[in-house]
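These notes concern the structure reproduced below.
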Amino acid sequence: MPTPWSGLALMIVPTYNEKENLARLVERLRALPGNIHVLIVDDGSPDG
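Numbering of the sequence shown is given in the numbering used here, commencing with residue 131 and proceeding in unit increments.
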């Protein structure tokens with residue numbers, strides 16, 4: 131029986147005008163198995 135993956139992953143998320151969606155995205159990424167680091171890169175969005 132295979133064991134669950136427990137490695138390390140880096141998720142790079144480019145964004146533009148996604149302020150309203152980021153909390154939900156991070157919540158879903160944190161629910162994934164393993165050790166996941168999230169780097170959110172904003173491209174000068176006017177929404178902050």
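Note that beta-carbon positions come from the ideal geometry of N, C-alpha and C, so glycine has one too.
Bear in mind the structure is a predicted one, so any value in this text is a computation, not a measurement.
Quiz item: With C-beta atoms as the reference, is ILE166 less than 7 angstroms away from LEU159?
Solution: Reading the sequence shown from its first residue, position 36 is the one you call residue 166. Reading the sequence shown from its first residue, position 29 is the one you call residue 159. Yes, the pair counts as a contact, with Cβ atoms nearer than the cut-off.
Quiz item: DSSP three-state call for ASN165: helix, strand or coil?
Solution: For the purposes of this step, residue 165 is taken as the residue at position 35 of the sequence shown. In the structure shown, ASN165 sits in a strand (DSSP, three-state: E or B).
Practice problem: Tell me whether the beta-carbon of ASP177 lies closer than 7 angstroms to the beta-carbon of THR145. | Solution: What you label residue 177 is simply residue 47 of the sequence shown in a count that begins at 1. What you label residue 145 is simply residue 15 of the sequence shown in a count that begins at 1. ASP177 places its beta carbon 7 angstroms or farther from that of THR145.
Quiz item: DSSP puts LEU138 in a beta bridge; with which residues?
Solution: As a working note, residue 138 is residue 8 in the sequence shown. In the DSSP output, where bridge partners are listed per residue, LEU138 has ASN165.
Practice problem: Using beta-carbon positions only, say whether SER175 and ASN147 come within less than 7 angstroms of one another. | Solution: Looking up residue 175 in the sequence shown gives position 45. Looking up residue 147 in the sequence shown gives position 17. Yes; because the gap between Cβ atoms is below 7 angstroms, this pair is in contact.
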